[in-house]
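Accompanying notes for the structure given below.
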Amino acid sequence: MPTTVAIAGLTGKFAQCIASSLQAYPDVFIRGYCRSPQKLPHSLLLVRNIKVIKDEIDDRVAARLFVKEANVVICCYFGSSAVMVQGQKILIDACEELNVPRKYLASKGTVAGVHILTGGLMETFWSEFFGCWDCTSRSLSFWGTGEETWDLIIYETAAAYTAAVALDKSAVGVLRFRGDCKTILEIKDCFEKVYTVPFNLPEAQLGDILDNDCYESVQATDLRAFFLSHAVDELHCADQELGYRN
1 MPTTVAIAGL TGKFAQCIAS SLQAYPDVFI RGYCRSPQKL PHSLLLVRNI KVIKDEIDDR
61 VAARLFVKEA NVVICCYFGS SAVMVQGQKI LIDACEELNV PRKYLASKGT VAGVHILTGG
121 LMETFWSEFF GCWDCTSRSL SFWGTGEETW DLIIYETAAA YTAAVALDKS AVGVLRFRGD
181 CKTILEIKDC FEKVYTVPFN LPEAQLGDIL DNDCYESVQA TDLRAFFLSH AVDELHCADQ
241 ELGYRN
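Quick note on numbering: the sequence shown equals residues 1 to 246 in this note's numbering.
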C-alpha cells in the first residue's frame with residue numbers, strides 16, 4: 001500500500017535530502033510544502049512522485065490541505081521562533097484534526113510523535129556559519145580541553161535515518177542516531193591522516209591566568225550562587241530577568 005509522506009519546508013537542504021532518501025523506497029509518495037516553490041531545484045520538480053503545495057506557514061486552511069490523507073508529516077522548518085514554534089503548532093493541530101497517525105513533535109492525544117536526535121551535522125560543523133573552522137589558517141577554535149566528545153553525522157545519513165523512521169510504523173518517541181563520535185583531539189588526528197596537512201588548535205579556554213584580581217570591587221558569582229539565586233523551574237528563563245526592571 002502506498003505511503004504518503006508530507007514534508008513541510010521543502011526548500012531547505014535537509015528536507016530535500018529526506019525527499020531524496022525516500023525516493024529509494026517503492027510505493028512512497030512525497031508531498032512538499034513551501035512558500036517559494038521557484039527556489040526548488042528544477043530536477044526535484046520533475047520527479048514523478050513529488051507534489052508541491054505553495055502557501056504560508058501560518059495558513060491553517062493550507063496546512064489542513066497539506067496533511068490531509070498523509071501517513072507521516074515531517075517538519076523541516078528553519079527560521080525565527082515564530083516560524084519554528086507557531087508553524088509547527090499549526091501543523092500539529094491539522095494532523096490532530098485530520099487524524100494523521102504520526103508527526104514529528106507531537107502534543108496531541110491521537111498523533112504519535114517522533115523526535116530524532118542526531119548530534120552535530122558535519123557539513124555545518126565546518127561551515128562559516130558555525131564559526132569554528134578557519135579554512136585559511138586551517139585552525140579550529142573550541143572551548144575546553146579538546147577531550148570533550150562530539151556526536152557527529154552528515155546531512156545525508158541523518159536524512160536516510162529520518163526517511164527510514166518515517167516508513168517504520170512502529171517508530172515513536174525519541175530516537176538517536178549518529179555517524180561518528182570524536183573528541184577535538186581525535187578530529188585533529190583524523191584530519192591530519194586524511195589530508196596530510198597540519199591542523200591547528202589555538203588555545204581557546206581561559207586557563208588559570210585571570211585578571212579578576214585587578215578589579216577587587218567586582219565580586220564574581222560562581223555556579224552554586226547562580227543556582228541558589230534561581231528556582232530550578234526558572235533556569236530556562238533566567239536571561240529574561242536581565243536589564244532594567246519595572
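Here a beta-carbon is modelled for each residue, glycine too, at the ideal position from N, C-alpha and C.
N-terminal and C-terminal residue of the beta strand (DSSP E) that residue i is part of
| i | result |
| --- | --- |
| Tyr33 | 28 to 34 |
| Asp239 | From DSSP, Asp239 is part of no beta strand (DSSP E); its letter is neither H nor E. |
| Ala15 | No beta strand (DSSP E) contains Ala15, which is instead part of the alpha helix (DSSP H) from 13 to 22. |
| Val72 | 72 to 75 |
Exposure label - residue i; buried when at least 16 CB within 10 Å
| i | result |
| --- | --- |
| Thr162 | buried |
| Leu22 | buried |
| Ala70 | buried |
| Ala106 | Caution is warranted here: a pLDDT of 40 is assigned to Ala106, below 50, making its placement in the model unreliable, and no coordinate value can be reported. |
| Leu91 | buried |
| Val67 | buried |
| Tyr25 | exposed |
| Arg224 | exposed |
| Gln16 | buried |
| Leu117 | exposed |
| Tyr77 | buried |
Reduced DSSP category for residue i - H, G, I as helix; E, B as strand; rest coil
| i | result |
| --- | --- |
| Arg48 | coil |
| Thr183 | strand |
| Ile87 | Looking at the sequence shown, residue 87 is not Ile but Gly. In the structure shown, Gly87 sits in a helix (DSSP, three-state: H, G or I). |
| Val114 | strand |
| Gly9 | coil |
| Cys250 | The requested residue 250 does not occur in the structure, where the chain is confined to residues 1 to 246. |
| Tyr43 | Per the sequence shown, the amino acid found at residue 43 is Ser instead of Tyr. Looking at Ser43 - three-state DSSP - the assignment turns out to be helix. |
| Ala53 | Ala is not the amino acid found at residue 53; the sequence shown has Ile there. The answer is strand: DSSP assigns Ile53 an E or B state. |
| Asn200 | strand |
| Glu216 | coil |
| Ala106 | Here Ala106 scores only 40 on pLDDT, less than 50, and its place in the model should not be relied on; the value that follows carries that caveat. In this structure, Ala106 counts as coil in the three-state DSSP scheme. |
| Thr124 | helix |
| Ser229 | coil |
| Ser81 | helix |
| Ala58 | In the sequence on display, residue 58 carries Asp and not Ala. It is coil, neither helix nor strand. |
| Asp93 | helix |
| Leu223 | helix |
| Leu65 | helix |
Enclosing alpha helix (DSSP H) for residue i [first to last residue]
| i | result |
| --- | --- |
| Val174 | From DSSP, Val174 is part of no alpha helix (DSSP H) but of the beta strand (DSSP E) over 173 to 176. |
| Val165 | 155 to 166 |
Whole-number beta carbon distance between residue j and residue i, since they are thought to touch under 8 Å
| i | j | result |
| --- | --- | --- |
| Gly32 | Ile50 | 6 Å |
| Lys188 | Leu201 | 6 Å |
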